[in-house]
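Peer 1:
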Amino acid sequence: MSTTILSDLDIFSDPRVTDAKAAGDGYIVSENPATGEAIAAVKLQSRANYDTAVEKAMRVQTQWRMLPAPKRGEIVRQIGNAFREHEQTLGELVTLEMGKIKAEGVGEIVECIDIADFAVGLSRQLYGLTMHSERPQHRMYEQWHPMGTIGIITAFNFPAAVWAWNAMVAAVCGNAMIWKPSLMTPLTAIAMTNIVHDVMQKQDVFRPSGCDPRDVFGLVIGTDGEVGEPMINDRRLPLISATGSCRMGRVVGQAVAGRLGRTLLELGGNNAIIVMPDADMELTVRGVLFGAVGTAGQRCTSTRRLFCHSSVVDDVVTRLRAAYKSVPIGDPLESGTLMGPLISADAVQQMTAALQTAQQQGCEILCGGVNGIARFADAGGHFVEPTIVRVPKGSDPDIAREETFAPILYVFEFDDLDAAMRQHNAVSQGLSSAIFTDSVRSAERFLSHGGSDCGIANVNIGTSGAEIGGAFGGEKDTGGGRESGSDSWKSYMRRQTCTINWGNDLPLAQGIEFG
Ligand code: NAD
């Protein structure tokens, strides 16, 4: 199966990919998390390769930025269509390499297509404002210029879409870019880049002199030491867009701030759903199930905490336990599977440790748990059972404040919405949140200033599965970045305020007389 996907995408002809068995030092082996088997080995690039890629990207960017934005949009339209052509195969590759079920793997490529479409429209809407000048015969306006060449660092769990959110928008904005993907998902990065390069090579409207048009979309696969660290410290890159853990965000944020560069940080979440007594229980259970179990709990927006009103907590838990039991776990490429493996043995170990700590902190495991993990000990892949953990009423264990990247759902009980919201907000992350209620008052309280402190707040929808049209991102330790839709494009451009004097006099602002 794996070979078919790879050959369909012509990955083996890429010099960066070789046979896993032949790999030695200087290679990273991409593994299938459902079997633990090697898929292929990828040559690691060095700091020198990184430097060359940046130089090439910077050179081509000086010509890319001169192409009118709608013409750049036309090229991005072709890129979106190329993704469409390969939608199923790319989706399967995401599944093979990352382990999310095929419907979600394909869904990720649909997101790439959606953001390409969005960027095409955006290419004609990079609007600036005009202002009335306080001075006679003066005109003021703002315009937006490309930032230059930017760095994109991505996490393993959305190996295609996170890059596409950045790349499609950054491209219409006139930037070139260098992508440093997670070393756990290099094949997806190579496949996406090959498809884009194929489109770039065929361009008639963009034939940069002395440059390769493919260099607009650079890819460098290397370790954090050889590529990641040089990238974040590189003054040639005015913007680093980095997606990953809060730990990584702290390092990246400080390094880039140290050189007064700009960051767009999309970091970890600890997302919660509040369930009110008047909630539609069917909707609630479906929303929680997808949020907590979907992608095996490996979305930044996965539901990790559930606050249930005391009058419904037992009912919710009973329904959820039944739903959890019926989740088919297995090969994510098989239709019918709803939960695939975790990404690595290390991730399984982290889930085990979190569950042991939860028990030490007084919590009760209602289903799944360490026994559920042990059930898969000989399965080959990194499988676990989705787990519900009941938190004793009135307590707030430290472990539930951390993001464990696994399908663990901590269930809390509350009597009063204000108290639930306080506890909801009392974590360091601030990405996604939701309330299930049929009461307009409860919904509006949740959405008001004193309600959710997250970047995403939903009513009667779970915490995960955002559409590309909105600005995506979160507050506090989630990093404050916004990418994808709305006006997130502004992060990829620099604003210039222009004042033009078309008169014969030189009046100064604020009425200052000088000389
Ligand atoms: P990670 O932090 O381990 O790695 C993310 C990326 O950062 C990788 O490419 C890694 O190589 C790179 N990196 C790490 N240290 C670096 C350094 N010092 N310099 C340069 N690059 C460095 O995260 P992960 O395990 O791949 O992904 C899971 C995490 O990502 C979770 O915390 C999840 O919530 C988060 N995430 C957030 C979003 C979002 O939009 N908020 C989306 C997806 C994933």
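Position in the sequence shown counted from 1, then plus 105, gives you the working numbering.
For each residue, glycine too, the CB sits at the ideal point set by N, CA and C.
Of all the options GLY131, GLU334, PHE188, which has the alpha carbon lying nearest to the alpha carbon of ILE257?
Peer 2: Comparing Cα-Cα distances from ILE257 to each of GLY131, GLU334, PHE188, the minimum goes to GLU334.
Peer 1: Would GLY590 pass as a contact of GLY574 if the rule is Cβ separation under 8 angstroms?
Peer 2: Closer than 8 angstroms, so yes.
Peer 1: Does the distance from the CB of ILE283 to the CB of THR254 come in under 8 angstroms?
Peer 2: In contact: ILE283 and THR254 (Cβ atoms closer than 8 angstroms).
Peer 1: Once the 5 residues before and after ASN375 are set aside, which same chain residues still bring their CB inside 6 angstroms of it?
Peer 2: These residues qualify, in order along the chain: ARG409, GLU508, VAL532, GLN534.
Peer 1: Report all residues from its chain with a CB closer than 7 angstroms to the CB of ALA505; omit the five preceding and five following residues, and keep chain order.
Peer 2: The answer, listed in chain order, is ARG410, VAL496, TYR515.
Peer 1: Going by DSSP, which residues form a beta bridge with ASN137?
Peer 2: Paired residue(s): GLU142.
Peer 1: Can you tell me the Cα-Cα spacing of ILE180 and ASP523, whole angstroms?
Peer 2: Straight-line Cα distance between these residues: approximately 50 angstroms.
Peer 1: So what does DSSP say about LYS595, is it helix, strand or coil?
Peer 2: LYS595: helix per DSSP, three-state reduction.
Peer 1: Judging by CA-CA distance, which residue of PRO291, ASP582, PRO251, SER537 is the nearest neighbour of ILE144?
Peer 2: Out of PRO291, ASP582, PRO251, SER537, PRO291 has the C-alpha closest to the C-alpha of ILE144.
Peer 1: Would THR542 pass as a contact of ASP420 if the rule is Cβ separation under 8 angstroms?
Peer 2: Contact flag unset, no.
Peer 1: Would you mind giving the Cβ-Cβ distance between GLY366 and LEU342, rounded to the nearest angstrom? I have them listed as a contact below 8 angstroms.
Peer 2: Indeed, because the Cβ distance is near 7 angstroms, the residues count as touching under 8 angstroms.
Peer 1: Mind checking MET456: buried by the 16 CB within 10 Å criterion, or exposed?
Peer 2: Buried, because 16 or more other Cβ atoms sit within 10 Å of the Cβ of MET456.
Peer 1: Under DSSP, the beta strand (DSSP E) around HIS302 begins and ends at which residues?
Peer 2: Looking at the DSSP string, HIS302 is not in any beta strand (DSSP E); the run it does join, the alpha helix (DSSP H), is 291 to 306.
Peer 1: Using 8 angstroms for Cβ pairs, my map puts ALA269 next to GLU216. What's the rounded Cβ distance?
Peer 2: That belief holds up - the Cβ atoms of ALA269 and GLU216 are roughly 7 angstroms apart, short of 8 angstroms.
Peer 1: Shorter than 7 angstroms, the distance from the beta carbon of ALA347 to the closest heavy atom of ligand 1, or not?
Peer 2: The answer is yes for ALA347.
Peer 1: Ligand 1 and GLU216: does the residue's C-beta get closer than 7 angstroms to at least one heavy atom of that ligand?
Peer 2: Not under cutoff, so the answer is no.
Peer 1: Sorry if obvious, but does the Cβ on GLY358 come closer than 7 angstroms to a heavy atom of ligand 1?
Peer 2: Because no heavy atom of ligand 1 lies under 7 angstroms away, the Cβ of GLY358 does not count as near it: no.
Peer 1: Nearest CA to the CA of MET353: which residue from THR406, GLU371, ARG340?
Peer 2: Minimum Cα distance to MET353 is reached at GLU371.
Peer 1: Excluding the 5 residues flanking ALA265 on each side, which residues of the same chain have their C-beta closer than 7 angstroms to its C-beta?
Peer 2: For ALA265, where only same-chain residues beyond five positions count, the Cβ hits under 7 angstroms are LEU195, VAL199, GLU213, ILE214, CYS217, THR293, MET297.
Peer 1: In the DSSP output, what is VAL147 paired with across the bridge?
Peer 2: The partner list for VAL147 (beta bridge, DSSP) reads VAL122, ILE133.
Peer 1: Note down, in chain order, each residue of its chain lying with its Cβ closer than 7 angstroms to the Cβ of VAL432, except the 5 sequence neighbours on either side.
Peer 2: Excluding residues within five positions, the ones whose Cβ falls inside 7 angstroms are VAL398, LEU443, MET444, PRO491.
Peer 1: Quick check: the Cα distance between ASP436 and ASP592, rounded to an integer number of angstroms?
Peer 2: Using only the alpha carbons, I get a separation of about 39 angstroms.
Peer 1: What are the residues that DSSP puts in a beta bridge with GLY323?
Peer 2: Note: GLY323 sits in a beta bridge opposite ILE283.
Peer 1: Less than 8 angstroms between the C-beta atoms of GLN168 and PRO286, yes or no?
Peer 2: Not in contact: GLN168 and PRO286 (Cβ atoms no closer than 8 angstroms).
Peer 1: Where in the segment 179 to 248 do unbroken runs of the alpha helix (DSSP H), each at least 4 residues long, occur, reported from the N-terminal end onward?
Peer 2: Taking only runs of at least 4 residues, the alpha helix (DSSP H) segments lying wholly in the segment 179 to 248 are 192 to 203, 207 to 227.
Peer 1: May I have the straight-line CA-CA distance separating PHE481 from ALA174, to the nearest angstrom?
Peer 2: In a straight line, the C-alpha of PHE481 is about 52 angstroms away from that of ALA174.
Peer 1: Could you tell me which residues DSSP pairs with HIS250 in its beta bridges?
Peer 2: Paired residues: ARG599.
Peer 1: Mapping DSSP to helix, strand and coil, what is MET526?
Peer 2: Helix at MET526.
Peer 1: Name the one or two DSSP bridge partners that LYS581 has.
Peer 2: Its beta-bridge partners are GLN534.
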